[in-house]
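Let me begin by presenting the structure, written as structure tokens, before commenting on it.
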Amino acid sequence: MKYFILLFFFPVLLISCFSPQPPEPVHPLPSERQLAWHELEFYAFVHFNMNTFTNMEWGFGNESPELFNPTGLDTRQWARVCKEAGMKGIILTAKHHDGFCLWPSEYTEHSVKKSPWKNGEGDVVRELADACREYGLKFGVYLSPWDRNHPDYGRPEYITYFRNQLRELLTNYGEVFEVWFDGANGGTGWYGGANEERRIDRKTYYDWENTYKIVRELQPSACLFSDAGPDVRWVGNEEGWAMKTNWAPIRRDEFYPGSPNYAELRTGHEDGTHWVPAEVDVSIRPGWYYHPSEDHKVKTLPHLLDIYYNSIGRNASFLLNFPVDTCGLIHEKDVEQVMKLADAVKADFADNLALGKRVTATSIRGNSSKYKARNVTDGNPDTYWAADDNIIESSLEINFRKPTEMNRFLVQEDIRLGQRVKKFKLEALVDNGWHLIASETTIGRKRILRFPNVTASKLRLTIEDAKASPVISNIEVYHAPKILIEPEIRRNKNGLVSSYLPDQGRWNPGIIFNYEFFVSEDGNNWGAPVSSGEFSNIKNSPIWQEKRFEQVSGRFIKLRALSAAEENGRIGLAEFGIITD
Ligand code: FUL
766 MKYFILLFFF
776 PVLLISCFSP
786 QPPEPVHPLP
796 SERQLAWHEL
806 EFYAFVHFNM
816 NTFTNMEWGF
826 GNESPELFNP
836 TGLDTRQWAR
846 VCKEAGMKGI
856 ILTAKHHDGF
866 CLWPSEYTEH
876 SVKKSPWKNG
886 EGDVVRELAD
896 ACREYGLKFG
906 VYLSPWDRNH
916 PDYGRPEYIT
926 YFRNQLRELL
936 TNYGEVFEVW
946 FDGANGGTGW
956 YGGANEERRI
966 DRKTYYDWEN
976 TYKIVRELQP
986 SACLFSDAGP
996 DVRWVGNEEG
1006 WAMKTNWAPI
1016 RRDEFYPGSP
1026 NYAELRTGHE
1036 DGTHWVPAEV
1046 DVSIRPGWYY
1056 HPSEDHKVKT
1066 LPHLLDIYYN
1076 SIGRNASFLL
1086 NFPVDTCGLI
1096 HEKDVEQVMK
1106 LADAVKADFA
1116 DNLALGKRVT
1126 ATSIRGNSSK
1136 YKARNVTDGN
1146 PDTYWAADDN
1156 IIESSLEINF
1166 RKPTEMNRFL
1176 VQEDIRLGQR
1186 VKKFKLEALV
1196 DNGWHLIASE
1206 TTIGRKRILR
1216 FPNVTASKLR
1226 LTIEDAKASP
1236 VISNIEVYHA
1246 PKILIEPEIR
1256 RNKNGLVSSY
1266 LPDQGRWNPG
1276 IIFNYEFFVS
1286 EDGNNWGAPV
1296 SSGEFSNIKN
1306 SPIWQEKRFE
1316 QVSGRFIKLR
1326 ALSAAEENGR
1336 IGLAEFGIIT
1346 D
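Residue numbering for the sequence shown follows my numbering, starting at 766 and increasing by one per position.
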């Protein structure tokens, strides 16, 4: 009798003892702080300081602190708007390239303490950090490495100054989730009255390794952002998109803040050595700073929704900038559009049609229920489906049981085991025939596909190529409503301006940085330029450039390029024109 009982229990013991180990991770892997950052997905940038009051994108550094005087600054309004829009944090430009500090830094007089705002007693960084805490938002800081105000910029002394300021920001304002270092570095500036051009070696000047250590020491859970990470990387454009193929890993040692190979940041590297996921930074208006002339150019819902899908839906995060206005508020037009975006996102992802649906797979790791196909529709991000080690090509089939209308497909790899998938396709079973919906490349933490409505009873995801056997943690399917776009009325602006649209080509366009503009009666005698200067931040943001000048008359015009924005020195124009009264 004993003998039979043993035989009966033995197979049960065998299965639980031999439940297979999890798949081997594919390196590089995200750190704990990066995993926490990935969860945020959507958060805000605020560009607000001296440029807001001088109506510029890049101040020269000689602006008087007297100019900084918001009439109704309300950081709680910023926090409320961001919270209601579903954002998870706010990153503030504590100091931009002009060097003016939004906090009363001990190390300079070029700050709010010399401004009329609150009689020099104010601290915008403190007010925002407090508002973020009140609204349950994360708080981050942008500290420009370039400082066109500081007399020592370009010399070793400036690095001490820069690091002292970093310490102030990371010590006095509570927890910081992201520290943002811009890649725009070196060039002309006021520099304490020197009024000259100061080029630096972008790779070595800041001794980045030791600067990063300060962040690690003071805010160990903060992610460091720059062109080169080390935690989060720039996406290589400021228009609001990552490439469809987007690897979180990059060969990190090939980059530094401001390095010329930034176009590669749009895709990452399949053979990347470090996990450095992309962040898509883009402004809700053409400029990063508030310009009244852009009040009618706030990005509209279809544009913002495209950015959402081209960032969060392409394995990146979405950092949306608000150019806070001269009152000190997020402008009502910006609020209106971001709330439309928030409503549309809610509507698009309202009802997950795949949740709890039956799923089958062509391979299940060790035939174990731990790795079963249905883990992808159980709504639990900690469970995943995995195929056997030697299996790359494999499919998951989701059964909706009845014809179901759908137009969104969301899929996630379990990135704790690395980014693995290189190529996949999606098919739909329509009237007993399989139809190809999409043929794509990478997945990563999140990939969302938009496609025309299809009524299908099953969906099939096929992994066609991967670095190792696939590990999929989640699949969601939606039927997003169509968005209605309001009719738009366009009118020409008044005033005498010349306008220049840079070459809109995506790869290495020829962009003019410094220019001179001339007017002539006969096309031979040109005289002095009627307008000259720089197109600030034009390299990253190649939008229409308008320059105003005193009224002149003439029959011929000439735009002279004095310098190019790119090191390759190419110059190009997409459009060029004059707008008059
Ligand atoms: C750029 C800067 O030069 C812009 O002014 C802005 O701050 C943007 C976020 O980064 O590189």
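For glycine and all other residues, C-beta sits at the position ideal for the given N, C-alpha and C.
Asked	Found
D966 Cβ short of 6 Å to the ligand FUL heavy atom set	no
Heavy atom of the ligand FUL within 6 Å of D947 beta-carbon	yes
Identity of the residue in S1296, R1325, F1278 nearest E1331 by Cα	F1278
Alpha-carbon to alpha-carbon, R891 and T936	12 Å
N834 CB to nearest heavy atom of the ligand FUL below 6 Å	no
Whole-Å CB distance - S1238 paired with Q1177, under 8 Å assumed	5 Å
Sequence-distant residues of its chain with Cβ nearer than 6 Å to E1241 (five each side left out)	N1117, A1119, L1175
beta-carbon N1305 near the ligand FMN non-hydrogen atom, thresh 6 Å	In terms of ligand content, the structure shown lacks the ligand FMN and carries the ligand FUL instead.
Closest by C-alpha distance to V1100, when choosing among D1046, G901, A844, D912	A844
Unbroken beta strand (DSSP E) run spanning T1010, endpoints	Element bounds for T1010: n/a, residue is neither H nor E.
Nonlocal neighbours in the same chain, by C-beta distance under 7 Å from G887, ignoring five residues either side	V877
Integer-rounded CB distance, given that R963 should sit under 8 Å from Y956	6 Å
Contacting residues, own chain, Cβ-Cβ under 7 Å from H792 (five flanking each side not counted)	G1183
Residue environment, R1325, which counts as buried when at least 16 other CB atoms sit within 10 Å	exposed
Nearest candidate by alpha-carbon position, reference I855, set A896, E1097, W1309, I1248	A896
Host alpha helix (DSSP H) of F818 (start-end)	815-819
Extent of the continuous alpha helix (DSSP H) run through W823	Here W823 belongs to no alpha helix (DSSP H), and DSSP marks it neither H nor E.
One or two residues paired with F1216 in a DSSP bridge	According to DSSP, which records beta bridges pairwise, F1216 is partnered with nothing at all.
Best match in H875, V811, S870, Q786 for proximity to S829 [C-alpha to C-alpha]	H875
Close beta carbons around P835, own chain, < 7 Å, minus the five adjacent residues each side	W882, T1091, C1092, G1093
Rounded C-alpha distance that separates R1212 from D947	27 Å
Same chain, Cβ closer than 8 Å to K1009, five either side skipped, listed in chain order	R1079, E1205, T1206, T1207
Burial state of Q1102 (16 or more Cβ within 10 Å)	buried
Whole-number beta carbon distance between S1160 and T1227, since they are thought to touch under 8 Å	4 Å
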